[in-house]
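One structure is given below, encoded as structure tokens.
Numbering (the numbering used here), first residue to last: 67 to 245.
What follows is the structure, encoded as structure tokens:
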């Protein structure tokens with residue numbers, strides 16, 4: 067159960083003290099207004115907001131984990147503000163959410179599924195329209211700790227690391243002085 071209040075054109079959610087959002091409560095929610103998840107929520111479970119119509123989401127400073135497909139199939143979603151303190155992003159979080167074209171990762175990230183930012187998953191031709199912004203320290207950490215050495219640390223359209231563009235995180239780690 068949850069309630070919501072409105073502040074201008076923004077929905078401020080109240081999940082009645084829940085720290086983990088799990089289940090299908092908001093799947094296919096049709097309200098397009100921006101959504102603010104309240105402080106205290108630490109995890110959003112698989113597919114919780116999939117097929118929703120909101121245009122943007124602001125996560126609380128307490129958020130630690132985003133489950134698989136959390137914002138998948140959200141046709142109107144353009145922006146998700148990831149908080150410092152977020153540690154884990156599971157796979158296909160933004161699958162089939164075509165307006166999500168850029169995301170900024172906080173330095174607190176410690177694990178990202180290789181397919182977190184794919185728009186379409188295909189074994190032969192995975193596709194992403196997402197540009198990922200992150201620090202050089204986080205890029206090096208993610209490449210060093212990649213548990214799938216035969217795949218890129220993260221699949222995305224491109225990366226902006228410390229103001230420079232790269233095709234992959236591995237390109238940055240190999241030649242950080244080049245654009």
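Virtual Cβ for every residue (Gly too), placed ideally from N, Cα, C.
With distances taken between CB atoms, is the gap from residue 175 to residue 136 smaller than 7 angstroms? For the purposes of this step, residue 175 is taken as the residue at position 109 of the chain shown. For the purposes of this step, residue 136 is taken as the residue at position 70 of the chain shown. Taking 7 angstroms as the Cβ cut-off, residue 175 and residue 136 do not qualify as a contacting pair.
For a minimum of 4 consecutive residues, which ranges assigned as the alpha helix (DSSP H) are wholly contained in the stretch 165-219? 202-210
Considering Cα atoms alone, identify which of 89, 166 and 130 is closest to residue 122. Start at 1 with the first residue of the chain shown, and residue 122 comes out as number 56. Out of 89, 166 and 130, 166 has the C-alpha closest to the C-alpha of residue 122.
How many angstroms separate the CA atom of residue 128 from the CA atom of residue 148? Position 62 of the chain shown, counted from the first residue, corresponds to residue 128. Position 82 of the chain shown, counted from the first residue, corresponds to residue 148. Each residue's alpha carbon lies about 11 angstroms from the other.
Can you tell me whether residue 171 is buried or exposed? The criterion is at least 16 other CB atoms within 10 Å of its CB, across all chains shown. On the chain shown, residue 171 is found 105 positions in, with the first residue counted as 1. With 16 or more Cβ atoms within 10 Å of its Cβ, residue 171 is classed as buried.
Ends of the alpha helix (DSSP H) at residue 237? Along the chain shown, read from residue 1 onward, the residue named residue 237 stands at position 171. First-last of the alpha helix (DSSP H) with residue 237: 235-240.
Beta-carbon proximity check, residue 157 vs residue 141, cutoff 7 angstroms: By 1-based counting over the chain shown, the position of residue 157 is 91. By 1-based counting over the chain shown, the position of residue 141 is 75. No.
Taking the beta carbon of residue 233 as the centre, do at least 16 other beta carbons fall within 10 Å, making it buried, or is it exposed? Here residue 233 is taken as the residue at index 167 of the chain shown, counted from 1. Counting Cβ neighbours within 10 Å, residue 233 comes out exposed, since fewer than 16 surround it.
Enclosing beta strand (DSSP E) for residue 79 [first to last residue]: Position 13 of the chain shown, counted from the start, is the residue given in the question as residue 79. Start and end: 76-80.
How would you label residue 94, buried or exposed, when you count the other beta carbons within 10 angstroms and need 16 or more for buried? Counting from 1 along the chain shown, the entry for residue 94 is found at position 28. Burial call: exposed.
Burial state of residue 221, where buried means 16 or more other Cβ atoms lie within 10 Å: By one-based count along the chain shown, residue 221 stands at place 155. So residue 221 counts as buried.
Per DSSP, cross-strand counterpart(s) of residue 101: For the purposes of this step, residue 101 is taken as residue 35 along the chain shown, with counting starting at 1. Bridge partners of residue 101: 77 and 123.
Identify the residues that DSSP records as bridge partners of residue 231: which are they? The count along the chain shown starts at 1 and reaches residue 231 at position 165. Answer by DSSP bridge pairing, in chain order: 226.
Would DSSP call residue 144 helix, strand or coil? Working through the chain shown from its first residue, we reach residue 144 at position 78. The answer is coil: DSSP assigns residue 144 none of H, G, I, E or B.
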